[in-house]
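As they're listed, the protein sequences go chains S and P. First residue of the first sequence? That's 0 in numbering that gives the first Met the number 0, and the numbers climb one at a time after it. First residue of the second sequence? That's 0 in numbering that gives the first Met the number 0, and the numbers climb one at a time after it. Backbone N, C-alpha and C define an ideal beta-carbon position, used for all residues, glycine too.
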Amino acid sequence: MNQKIQIRKSLYKKEAIIVALQMYLKKYWVAILEDESDYFIQFEPKNGNNIKISENEFINQLIEAEFIYMKSLESLPLRKTIMKKALEPYYDKND
Amino acid sequence: MIKMTNTIKLSKDFYSPSFISECNSSNGETLQEVAIDDKLRENANRLLIDKYNQIIGNPVDEISSFQLSDLPAVNYFRSLKISEDEYFISVDTGNWMIISKEDYELLKKNTVNKSLSTVLEKNFILLTEKNIDSYINKLRIRYGFLTEGPTLHIVVVTSNCNLSCIYCQASASNVAANNMNQVTANETVDRIFESPSDSFIIEFQGGEPLMNFPAIKNIIQYANRRAERDHKQVEYSLITNFTSTVTKEKLIFLMENNVSISFSLDGSKELHEKNRGRNYPNAFEILEKKVALYKKIWASLTDEPVELNALMTTTTTSLPLFREIIDTYLNFGITQINIRSLTPLGKALDTKENLVYTPEEFVDFWKNSVGYVLELRAKGIEISEFFLELILTKLFGNETGFMDLRSPCGAGYGQITYNYDGQVYTCDEGRMIYSDYFQIGSIYDQQLNNILLDAKTQSVFESSILEQYYCDYCAFKPYCGVCPVLHLQQKDKIQINVLETGHCEIFFKMIQHIVELFINDENAREEFQKMLMNVNWQKN
Chain S
0 MNQKIQIRKS LYKKEAIIVA LQMYLKKYWV AILEDESDYF IQFEPKNGNN
50 IKISENEFIN QLIEAEFIYM KSLESLPLRK TIMKKALEPY YDKND
Chain P
0 MIKMTNTIKL SKDFYSPSFI SECNSSNGET LQEVAIDDKL RENANRLLID
50 KYNQIIGNPV DEISSFQLSD LPAVNYFRSL KISEDEYFIS VDTGNWMIIS
100 KEDYELLKKN TVNKSLSTVL EKNFILLTEK NIDSYINKLR IRYGFLTEGP
150 TLHIVVVTSN CNLSCIYCQA SASNVAANNM NQVTANETVD RIFESPSDSF
200 IIEFQGGEPL MNFPAIKNII QYANRRAERD HKQVEYSLIT NFTSTVTKEK
250 LIFLMENNVS ISFSLDGSKE LHEKNRGRNY PNAFEILEKK VALYKKIWAS
300 LTDEPVELNA LMTTTTTSLP LFREIIDTYL NFGITQINIR SLTPLGKALD
350 TKENLVYTPE EFVDFWKNSV GYVLELRAKG IEISEFFLEL ILTKLFGNET
400 GFMDLRSPCG AGYGQITYNY DGQVYTCDEG RMIYSDYFQI GSIYDQQLNN
450 ILLDAKTQSV FESSILEQYY CDYCAFKPYC GVCPVLHLQQ KDKIQINVLE
500 TGHCEIFFKM IQHIVELFIN DENAREEFQK MLMNVNWQKN
């Protein structure tokens, strides 16, 4: 039995939806469908299981996914700078 | 909010044009419910994973630069809700803390007060001029292994074995031609000594390695000469089944050369012999005799307490027998047990034997075993569990060097496997898989640096870097790792979606269990502290 969850494009980024969906891929076949204003996330349980997804739980996942996605994006320059500093002595050694 | 619609369009990103035309009516607007085959569904999921990898790999076109003078700044942290009111948050060095829901919300909004700032700074969640050098230094130590070169060299001196264990991942056989000869043994040592590392371990595996003792002897003697000449430090280990292949002469030679010996011990007599296969009915009795011989020779050579190391493999039969298995270890005088899940390679995949269990079943078995270990320790009995110690060390110490649980994994750059026929593989598991994907060279054709610089070796290395997977969002990422070999075996690809494999489920729950025990169980916390005082990790 397929289940669809509708997400407004103006509220969430597609990237965040993709991040949130990763943990559903083991148990569901998933596709993102869309029209001009909304995404429709289609879930189909694998192995004939009829497990319904709680929409509230998915939205909570999505909110968290949007946060961690934005956080990882914002902190990327910081992480790169720090890692470069951390590995500097090894680069020098190899040179 | 769930809404069925008649007018949605199918994204070309996820479905092929032929599928879209199947699903749309003649006016191109109405979605029809049609039968979709598994290949298309798999393809849709695959595309979601690929899209995810693109997001992680190329998050933005233009990234503003960051200068350390821009500090203070909130570090990249990963979080996990561990109860209604608390979150576990960690950073790349493995430092972590528990934070209340209220404080977590403040942190997310970047509006922390002074007292919270102090705690965040102490745990490197907040980076400042005061703690940045210490943080960078911790990262430097943590990733130091990247520059060491391979430190574990596994030599498969034979694929022959006198047993036919029902779960044998190496698919050992009994063909005399599968022995490493002297020329190959010497060439193997030459390749090993091309490693840039100043100290390393040579580990003998099989089959049953003691079935080709001349090769072991030859390698140790030649490697000792090379070590002296090249000023390198070499240690040896050997994994054996401890049966008729063990003799007094062999043990004396091995002990005199400080070879650390590990043997297979799956549990009680019934369980151990069931796993050894039909052609070796008295395996447990023979094992007891050989262990007694080992202890006797040990006592004749040194006053040090005897060191006994064993390896167990979990099958479906083991699951309810955690107490019996641990008791057997104690009866042998072994004080650490390694509750290992079955490696789904070789004979272990034989469905007739019904050896495989679900990740949940294994985690329950491991939790039960840990519970029993803690129960025994509370009574003053010395016993520990390998993964418990490993994860504790990672949570409270630093990178352990254990190559299966780190990012990137040890394949190629941390360990190398040299087969009896001179073929070189990225790792032990890499030689056991049906594919030659992990065969990265030959000791006859290439020097070690050429093998390591090979594109194939690098692709395996890259495929185990956790930052490119969902793991980069996981609070337990600093303590975890993935295995490209097992992923290729299970999913036919080395690009990993960790959430599709049992590996993630097992290690996530193991780490979570230890964190929860530490937070909620005072007795467990006390035992963990005692364990950490005694941990001494080797680089293997």
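How about residue i: is its C-beta nearer than 8 Å to some C-beta of chain P?
| i | result |
| --- | --- |
| A19 of chain S | no |
| I81 of chain S | yes |
| S36 of chain S | no |
| M22 of chain S | yes |
| S9 of chain S | no |
| L86 of chain S | yes |
| S74 of chain S | yes |
By the criterion of Cβ-Cβ separation under 9 Å, what are the contact partners of residue i in chain P?
| i | result |
| --- | --- |
| Y89 of chain S | R139, Y142, G143, L145 and T146 |
Under 8 Å, Cβ to Cβ, is there at least one residue of chain S near residue i?
| i | result |
| --- | --- |
| K247 of chain P | no |
| I48 of chain P | yes |
| K231 of chain P | no |
| Y478 of chain P | no |
| N130 of chain P | no |
| D197 of chain P | no |
| A43 of chain P | yes |
| I135 of chain P | yes |
| A72 of chain P | yes |
| K121 of chain P | no |
| Y469 of chain P | yes |
| T29 of chain P | Since pLDDT at T29 of chain P reaches only 43, below the 50 mark, its modelled position is unreliable, and the value read off the structure follows with that caveat. By this cut-off, T29 of chain P is not an interface position. |
| E521 of chain P | no |
Give me the DSSP bridge partner(s) of residue i.
| i | result |
| --- | --- |
| Q550 of chain P | Here chain P has residues from 0 to 539 only, and residue 550 of chain P is not among them. |
| Q446 of chain P | DSSP, once it has assigned bridges, lists no residue as partnering Q446 of chain P. |
| I415 of chain P | P:H152 |
| R339 of chain P | P:T312 |
| I40 of chain S | S:I4 and S:I31 |
| S368 of chain P | Looking at the DSSP assignment, S368 of chain P forms no beta bridge with any residue, so it has no partner. |
| S263 of chain P | P:L310 |
| E88 of chain P | The question names Glu, yet the displayed sequence has Ile at residue 88 of chain P. Answer is P:S78 and P:M96. |
| G429 of chain P | G429 of chain P pairs with nothing; no bridge assigned. |
| I238 of chain P | P:S261 |
| N410 of chain P | In the sequence as presented, Asn is not what sits at residue 410 of chain P; that position holds Ala. Its beta-bridge partners are P:Q414. |
| V423 of chain P | P:Y417 and P:G440 |
| L125 of chain P | P:V73 |
If the criterion is Cβ atoms closer than 8 Å, does the pair residue i and residue j meet it?
| i | j | result |
| --- | --- | --- |
| Y371 of chain P | I439 of chain P | no |
| Q21 of chain S | L498 of chain P | yes |
| F364 of chain P | L318 of chain P | yes |
| R225 of chain P | F252 of chain P | no |
| T242 of chain P | L286 of chain P | yes |
| N541 of chain P | M311 of chain P | Residue coverage of chain P in this structure runs from 0 to 539, which leaves residue 541 of chain P outside it and unanswerable. |
| V88 of chain P | I124 of chain P | Checking the displayed sequence, the identity of residue 88 of chain P turns out to be Ile instead of Val. Result yes, Cβ atoms of I88 of chain P and I124 of chain P sit closer than 8 Å. |
| G205 of chain P | N159 of chain P | yes |
| L373 of chain P | E515 of chain P | no |
| T392 of chain P | V534 of chain P | yes |
| Y328 of chain P | I390 of chain P | no |
| I464 of chain P | T456 of chain P | no |
Starting from the beta carbon of residue i, find every residue of chain P whose beta carbon is closer than 7 Å, and list them in chain order.
| i | result |
| --- | --- |
| K25 of chain S | L498 and E499 |
Under the assumption that residue i contacts residue j (Cβ atoms under 8 Å), give the Cβ distance between them as a whole number of angstroms.
| i | j | result |
| --- | --- | --- |
| V484 of chain P | G411 of chain P | Not quite, the Cβ-Cβ distance comes to about 11 Å (not below 8 Å), so this is no contact. |
| A214 of chain P | A176 of chain P | Not really, about 14 Å apart at Cβ, beyond 8 Å. |
| H502 of chain P | C473 of chain P | Contact flag wrong, Cβ pair sits at about 13 Å. |
| L67 of chain P | I131 of chain P | 6 Å |
| F551 of chain P | T150 of chain P | Here chain P comprises residues numbered 0 to 539, so residue 551 of chain P is not present and cannot be evaluated. |
| G540 of chain P | L307 of chain P | Here chain P comprises residues numbered 0 to 539, so residue 540 of chain P is not present and cannot be evaluated. |
| I6 of chain S | I16 of chain S | 6 Å |
List, in chain order, every chain S residue whose beta-carbon is nearer than 9 Å to that of residue i.
| i | result |
| --- | --- |
| L348 of chain P | Here the premise fails: no neighbours, minimum Cβ distance about 20 Å. |
| S107 of chain P | At residue 107 of chain P the sequence reads Lys, which differs from the Ser that was named. What K107 of chain P touches in chain S: F66 and K70. |
Anything in chain P within Cβ reach of residue i, meaning under 8 Å, just list it in chain order.
| i | result |
| --- | --- |
| I67 of chain S | R77, S78 and Y472 |
Who are the neighbours of residue i on chain S, taking C-beta pairs under 7 Å?
| i | result |
| --- | --- |
| L67 of chain P | T80 |
| Y51 of chain P | I17, V18 and Q21 |
Identify the contact partners of residue i in chain S, using a Cβ-Cβ distance below 8 Å as the criterion.
| i | result |
| --- | --- |
| S64 of chain P | P76 and T80 |
Quick check: does the Cβ of residue i come within less than 7 Å of any heavy atom belonging to the ligand PLP?
| i | result |
| --- | --- |
| K529 of chain P | Ligands are entirely absent from the displayed structure, and the ligand PLP is therefore not among its contents. |
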